[in-house]
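Asks:
Chains as they are written, first to last, in the working numbering: chain A, 6 to 262; chain B, 36 to 49.
#1: May I ask you to report which of helix, strand or coil DSSP gives residue 173 (chain A)?
#2: Please go through the same chain and pick out, in chain order, the residues whose beta-carbon is closer than 6 Å to the beta-carbon of residue 97 (chain A), but skip the five residues on each side of it.
#3: Can residue 100 (chain A) and residue 161 (chain A) be called in contact, C-beta distance under 8 Å?
#4: Between which two residues does the beta strand (DSSP E) harbouring residue 110 (chain A) extend?
#5: Just to make sure I have the definition right: I need the residues of chain B whose C-beta is within less than 8 Å of the C-beta of residue 243 (chain A). Which are they?
#6: Which residues in the same chain have their Cβ closer than 6 Å to the Cβ of residue 191 (chain A), if we skip the five residues on either side of it in sequence?
#7: At 3 residues or longer, and completely inside the region 72-129 of chain A: list those beta strand (DSSP E) runs for me, N to C.
#8: Going by other Cβ atoms of all chains shown within 10 Å of its Cβ, with 16 needed for buried, is residue 134 (chain A) buried or exposed?
#9: Please report the distance separating the alpha-carbon of residue 4 (chain A) from that of residue 210 (chain A).
#10: Helix, strand or coil for residue 40 (chain B)? Go by DSSP, reduced to three states.
#11: What three-state label does DSSP hand residue 193 (chain A) in the structure shown?
#12: Report the rounded CA-to-CA distance for residue 126 (chain A) versus residue 77 (chain A), giving the unit in angstroms.
#13: Measuring only the C-alpha atoms, how far is residue 19 (chain A) from residue 61 (chain A)?
#14: Taking the alpha carbon of residue 69 (chain A) as the point to measure from, which residue in A:34, A:75 and A:84 has its own alpha carbon closest?
#15: What does residue 133 (chain A) reach in chain D if we use C-beta pairs closer than 7 Å?
#16: Starting from the Cα of residue 169 (chain A), find the closest Cα among A:220, A:91 and A:207 and give me that residue.
#17: Name the chain B residues that come within less than 8 Å of residue 238 (chain A), Cβ to Cβ?
#18: Rounded to whole angstroms, what's the CA-CA distance from residue 240 (chain A) to residue 115 (chain A)? Just pull it up for me.
#19: Could you check whether the Cβ of residue 13 (chain A) sits closer than 8 Å to any Cβ belonging to chain B?
#20: Buried or exposed for residue 196 (chain A), going by 16 or more other Cβ atoms inside 10 Å?
#21: Using a C-beta to C-beta distance shorter than 7 Å, which residues of chain B count as neighbours of residue 52 (chain A)?
#22: Looking at the structure shown, is residue 211 (chain A) part of a helix, part of a strand, or coil, going by DSSP?
#23: Here's the rule I'm using: 16 or more other beta-carbon atoms within 10 Å means buried, otherwise exposed. How should residue 49 (chain B) be labelled?
#24: With DSSP run on the structure shown, which of helix, strand or coil describes residue 135 (chain A)?
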């Protein structure tokens, strides 16, 4: 049996909105580690890894490890019916082929339950080794989303380069070229407005802007985003979910043939 | 143009 009560139900709504366009079906795993998911997009370019730790739930009960296969579009449809301030509880009985989402309004004057069919999903799990990245950039998530959106109106790919100068986002297309350079900036009013660049060695990687734009749907989950980059390796784009966990996207680079 | 890499080629299955 599983019962997870999340007071900040809006968080789960935002999580679904951030991944439903990238991934169709996924197994949500519930264990002592937390409520987690690892899934790949259909074109095998990106993997999303989500972790919501037990401490973030008002009630976190699962008496054994449970894996629940869900269609993310259908799950998003159901969660759209919850208010942003609602408390969301997930419930599943042992051996059941359904999961129930219960939505409670903050004043407890409206309670709804939605039952969704589960599905069997054969998914391969990937192991992500700890890596020493050539460069790690932390910047405001809204700024990163803005840059990806702006560049995608010019070109299809973005070259992300980190040098002593800062982090450069470049694209080229039929109408011309675009370059945006963000320099380290810690002289800000709030820590989440800072741009912090840790560079062990210069790095330059190329990514499809379609995918980068898709990842930025997670922007509402966090004020900051962290890009971890190493030559020839997938980028890790991480949005921390305050006091609960994270959503990480591993995005394969484009490689010179 | 560079070719899109496959994410499966970078990580081991566990």
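Note that beta-carbon positions come from the ideal geometry of N, C-alpha and C, so glycine has one too.
Replies: The relevant details are as follows:
#1: strand
#2: 7 and 104
#3: no
#4: From DSSP, residue 110 (chain A) is part of no beta strand (DSSP E); its letter is neither H nor E.
#5: Ordered by position in chain B, no residue passes the 8 Å Cβ test against residue 243 (chain A), which lies about 16 Å from the chain.
#6: 199
#7: 92-97, 103-109 and 116-122
#8: exposed
#9: Given that chain A is displayed from residue 6 to residue 262, the structure contains no residue 4 (chain A) and the question cannot be resolved.
#10: coil
#11: coil
#12: 12 Å
#13: 15 Å
#14: A:34
#15: Annotation note: the requested chain D is absent from the structure, which comprises protein chains A and B.
#16: A:207
#17: 45
#18: 43 Å
#19: no
#20: exposed
#21: 42
#22: strand
#23: exposed
#24: coil
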